[in-house]
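To convert, note that position 119 of the sequence shown is 891 in my numbering; the numbers rise steadily by one, no gaps.
Below: the structure, in structure tokens.
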Amino acid sequence: MTKIHQHTFGVGKPLVLVHGWAMHSGIWQDFAQQLAQHYQVTCLDLPGHGGSEKITPYTLEQISDALVDAITDERSCWLGWSLGATVVLDIAQRYPERVDALILLSGNPCFIQKSHETATEAWPGMKTIVLEQFANQLSENGMMTLVRFLSLQVQGLSNTKGFLKQLKVAAAQYPAPDTDTLQGGLEILKHTDLTSTLATMDKPVLTLLGGRDALVPIAVGQALLQCLPTMQLHCIEQAAHAPFLSHEQETLTIISRFMAELCH
């Protein structure tokens, strides 16, 4: 069994937080503490990130298996941010008995933009060439690539420098994941399409997007609603890719309302 670093605090309905690419559970910090005033919050490190063991090969299925094995609660609400949203969607598909509800934070079930002849089949996302550039640059200069990625997460915010510093400080709590792990995460984002999983989801789903997100276009919101009309969709217009940092209280309020409905 893969050793997954985790810490749990608070009491109440189980809520599992899964971070994004190249990060670790320390990114949640105050946000998780706020949630723990009302729920039992578990923060996990993805395999190969933070204090968790790495896995080889780095596949979505192996990641999901490792996280589910690490959680002792029979059923939880799973919150995934960015790559973490892809992971929790896969968990809901493959381990439905372990999932009460999903919260997708700046996530996209098909991260890469897909263009088709008919507009109804198109899917908004990041351009393939941009992700491929990340992968190529990662091999040449890993640290510079990670800094560029952090910069994209706060692009468009009024206090870009302040939030970029906050991200850098949080990320620096652990050494960066190795190149194989980081490349594996990019491969997952590049090749995974869970839109059909979302379309057949029979559990409550909340999606929260940032209106200024440079990685997940706001247009994905309408595509998600077409996919799953029962989804709760919220957009924080002035937020970028990490609304839990830049707009913490607004994000907490939206999540609390969703969780309150689950508890009744």
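In this text, a Cβ means the ideal position worked out from N, Cα and C, and glycines have one as well.
Everything numeric in this text was worked out from a predicted model, so none of it was measured.
At what residues does the alpha helix (DSSP H) containing G934 begin and finish?
As a first step, residue 934 is located in the sequence shown; it is residue number 162 there, counting from the start. 932-943 is the extent of the alpha helix (DSSP H) around G934.
C-beta atoms of A986 and P896 nearer than 9 Å:
By one-based count along the sequence shown, residue 986 stands at place 214. By one-based count along the sequence shown, residue 896 stands at place 124. Against a cut-off of 9 Å, the Cβ pair of P896 and A986 comes out as no contact.
Please list the terminal residues of the continuous beta strand (DSSP E) segment that includes D872.
Your numbering for residue 872 matches position 100 in the sequence shown. Run containing D872: 871-877, per the beta strand (DSSP E) assignment.
Residues of its chain near G782, where Cβ-Cβ distance is below 8 Å and the 5 sequence neighbours each way are ignored:
Position 10 of the sequence shown, counted from the first residue, corresponds to residue 782. Hits under 8 Å: L807, A808, Q809, H810, Y811, Q812, V813.
As assigned by DSSP and simplified to three states, the class of V788
Position 16 of the sequence shown, counted from the start, is the residue given in the question as residue 788. V788 falls in the strand class under three-state DSSP.
Where V977 sits in the DSSP three-state scheme:
Looking up residue 977 in the sequence shown gives position 205. Residue state, collapsed to three classes: strand.
State the Cα-Cα distance for the pair T972 and R870, rounded to the nearest angstrom.
The sequence position of residue 972 within the sequence shown is 200, counting from 1. The sequence position of residue 870 within the sequence shown is 98, counting from 1. Computed Cα separation, rounded: 17 Å.
Taking the alpha-carbon of L1000 as reference, which of V926, E904, L966, M773 has the nearest alpha-carbon?
Along the sequence shown, read from residue 1 onward, the residue named residue 1000 stands at position 228. Cα-wise, what sits closest to L1000 is L966.
Taking V977 and S878 to be in contact with their CB atoms under 8 Å, please state how far apart those CB atoms are, rounded to whole angstroms.
Along the sequence shown, one-based indexing puts residue 977 at 205. Along the sequence shown, one-based indexing puts residue 878 at 106. Rounded, the Cβ-Cβ distance is 14 Å, inconsistent with contact.
Check the C-beta distance from L970 over to L861 and give it rounded, since I have them as a contact under 8 Å.
As a position in the sequence shown, residue 970 is number 198, starting the count at 1. As a position in the sequence shown, residue 861 is number 89, starting the count at 1. L970 to L861, Cβ: 7 Å. Contact.
Can you tell me the Cβ-Cβ gap for E825 and K775, rounded? I've got them flagged as a contact below 8 Å.
Along the sequence shown, read from residue 1 onward, the residue named residue 825 stands at position 53. Along the sequence shown, read from residue 1 onward, the residue named residue 775 stands at position 3. Contact holds; Cβ gap of about 4 Å.
Please name the residue, chosen from G956, E904, Y867, A995, that lies closest to D841 on a Cα-to-Cα basis.
By one-based count along the sequence shown, residue 841 stands at place 69. When each option's Cα is compared against that of D841, the closest is Y867.
Which listed residue (H777, L787, C815, Q778) has its alpha carbon closest to that of A1032:
Sequence index remark: in the sequence shown, residue 1032 carries index 260 (1-based). Out of H777, L787, C815, Q778, L787 has the C-alpha closest to the C-alpha of A1032.
Give me the Cβ distance between V926 and F935, rounded to the nearest whole Å; I'm assuming they're in contact under 8 Å.
As a working note, residue 926 is residue 154 in the sequence shown. As a working note, residue 935 is residue 163 in the sequence shown. With a Cβ gap of about 4 Å, V926 and F935 count as contacting.
CA-CA distance, T1025 and A1011?
Position 253 of the sequence shown, counted from the start, is the residue given in the question as residue 1025. Position 239 of the sequence shown, counted from the start, is the residue given in the question as residue 1011. Spanning the two alpha carbons is a distance of roughly 15 Å.
Neighbourhood of L958 by C-beta, 8 Å cutoff - its chain only, sequence neighbours within 5 removed:
Here residue 958 is taken as the residue at index 186 of the sequence shown, counted from 1. Excluding positions up to five away in sequence, the list reads W793, L903, F906, A907, L910.
Candidates S887, E833, A1014, C882, of which the one nearest M795 by Cα
Reading the sequence shown from its first residue, position 23 is the one you call residue 795. Among S887, E833, A1014, C882, the Cα nearest to that of M795 is on A1014.
Pull up the CB-CB distance for L818 and H791, whole angstroms please, since I reckon it's below 8 Å.
Numbered from its first residue, the sequence shown carries residue 818 at position 46. Numbered from its first residue, the sequence shown carries residue 791 at position 19. Going by Cβ atoms, the distance from L818 to H791 rounds to 7 Å, so yes, they are a contact pair.
Measuring CB to CB, does T964 end up less than 9 Å from T858?
Taking the first residue of the sequence shown as 1, we reach residue 964 at position 192. Taking the first residue of the sequence shown as 1, we reach residue 858 at position 86. Yes, they are a contact pair.
Throw me the rounded Cβ distance for the G822 and S797 pair, which I believe falls under 8 Å.
Here residue 822 refers to the residue found at position 50 when the sequence shown is read from its first residue. Here residue 797 refers to the residue found at position 25 when the sequence shown is read from its first residue. Right, the Cβ-Cβ distance comes to about 6 Å (below 8 Å), so this counts as a contact.
Look at the Cβ atom of L961, then the Cβ atom of F1016, and state whether they are nearer than 9 Å.
Position 189 of the sequence shown, counted from the start, is the residue given in the question as residue 961. Position 244 of the sequence shown, counted from the start, is the residue given in the question as residue 1016. Against a cut-off of 9 Å, the Cβ pair of F1016 and L961 comes out as no contact.
Nearest-angstrom Cα distance between P829 and G956?
The sequence position of residue 829 within the sequence shown is 57, counting from 1. The sequence position of residue 956 within the sequence shown is 184, counting from 1. Between P829 and G956, the C-alpha separation is close to 8 Å.
Cα-Cα separation, E833 to I1027:
The count along the sequence shown starts at 1 and reaches residue 833 at position 61. The count along the sequence shown starts at 1 and reaches residue 1027 at position 255. Approximately 27 Å, taken between the alpha carbons.
Could you name each continuous beta strand (DSSP E) segment of 3 residues or more that falls completely within the segment 989-1015, going from the start of the chain to the end?
1004-1008
Quick one: what's G982 bridged to in DSSP?
Taking the first residue of the sequence shown as position 1, residue 982 is located at position 210. Per DSSP, I1008.
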